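Protein chains in written order, with my numbering: chain W, 776 to 891; chain D, 8 to 120.
See below for the structure under consideration.
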């Protein structure tokens, strides 16, 4: 079946450090890939997405590249800020057809703590 | 303007009670969802409705019954609440089924005592 695996957290970094959060997936066909962010006490917000192999999603200094050969979609940021402290979720979705429902399948989430 | 809103934000109740959570979206989307987030932050889809039609029911107990009176609303009714139902419930919507971006509500934290 389809699944998403993220690196265990929490990840604790100092401000301006480089961030990588690993995400790998298992899926048949060609899923779309997403990173969602959940700030404390809030719902999830879409951070970035990629819909086909070699696409790079980017937003707010974060980037992730859809790597079909390694089935990965790692999240990176060159210089994190305290305000980036949140839970980050990698997710995949397949377009609905032939029984697919198009639902989002999430990884387990990775908590990022950035210290001043 | 709030795109996806949920009420209540917090819900504390006794085991065995029946409760409802309401969700409304003002984005004109066709598809709405309910997700459950457990204490370890793990998110799992429960239901999905497309144009008021049930699309996904992820082996959720019968005690949970979604109702979609119109495209803009998807409510969740829970009967005979159990301790294990304690979680944060998120409503979400997307333009169409399987469409790339889902917009999430702020969540409802349910605590069953």
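Using N, Cα and C, we set each Cβ at its ideal position, and we do this for glycine too.
Note that the structure is a prediction, hence the values are computed from the model and not measured.
Helix, strand or coil for residue i? Go by DSSP, reduced to three states.
i: residue 95 (chain D); result: strand
i: residue 90 (chain D); result: helix
i: residue 803 (chain W); result: coil
i: residue 82 (chain D); result: strand
i: residue 16 (chain D); result: coil
i: residue 118 (chain D); result: strand
Along chain D, which residues have their Cβ under 9 Å away from the Cβ of residue i?
i: residue 851 (chain W); result: Simply none; closest approach about 21 Å.
i: residue 776 (chain W); result: Here the premise fails: no neighbours, minimum Cβ distance about 12 Å.
Only counting the same chain, and skipping five residues up and downstream in sequence, which positions put a Cβ closer than 6 Å to that of residue i?
i: residue 854 (chain W); result: 791
i: residue 72 (chain D); result: 84
i: residue 787 (chain W); result: 888
i: residue 797 (chain W); result: 782, 849
Leaving out the 5 sequence neighbours to the left and right, which residues in its chain are closer than 7 Å to residue i when beta-carbon positions are compared?
i: residue 70 (chain D); result: 85, 86, 87
i: residue 843 (chain W); result: 828
i: residue 102 (chain D); result: 36, 37
i: residue 23 (chain D); result: 87, 88
Along the chain, where does the beta strand (DSSP E) containing residue i start, and where does it finish?
i: residue 53 (chain D); result: 50-57
i: residue 77 (chain D); result: 71-77
i: residue 110 (chain D); result: 109-111
i: residue 64 (chain D); result: 60-64
i: residue 39 (chain D); result: 38-44
i: residue 881 (chain W); result: 879-881
i: residue 32 (chain D); result: 26-32
i: residue 886 (chain W); result: 885-890
i: residue 67 (chain D); result: Careful: residue 67 (chain D) lies outside any beta strand (DSSP E) and carries neither H nor E.
i: residue 788 (chain W); result: 786-789
i: residue 794 (chain W); result: 794-796
Residue i touches chain D at which residues, Cβ-Cβ below 7 Å?
i: residue 822 (chain W); result: Per Cβ cutoff of 7 Å: no residues; residue 822 (chain W) is ~11 Å from chain D at best.
i: residue 881 (chain W); result: 50
Residue i versus chain W: which residues are under 8 Å apart at the beta carbon?
i: residue 71 (chain D); result: Ordered by position in chain W, no residue passes the 8 Å Cβ test against residue 71 (chain D), which lies about 16 Å from the chain.
i: residue 28 (chain D); result: The premise fails here: residue 28 (chain D) is roughly 13 Å from chain W at the closest Cβ pair, so nothing lies under 8 Å.
i: residue 112 (chain D); result: 818
Determine the chain W residues that contact residue i at a beta-carbon separation under 7 Å, and present them in chain order.
i: residue 34 (chain D); result: Those within 7 Å of residue 34 (chain D) in chain W number zero; the least Cβ separation is about 13 Å.
What does residue i touch in chain W if you count any residue whose Cβ is under 9 Å from its own?
i: residue 108 (chain D); result: 809, 821, 824
If the cut is a Cβ gap below 8 Å, which residues of chain D does residue i touch?
i: residue 862 (chain W); result: 48
Quick check on residue i - is its C-beta less than 8 Å from some C-beta in chain B?
i: residue 832 (chain W); result: You won't find chain B in this structure, because its protein chains are W and D.
Restricting to runs no shorter than 3 residues, where is the beta strand (DSSP E) found entirely within the region 808-871 of chain W?
819-825, 831-834, 837-840, 850-852, 861-868
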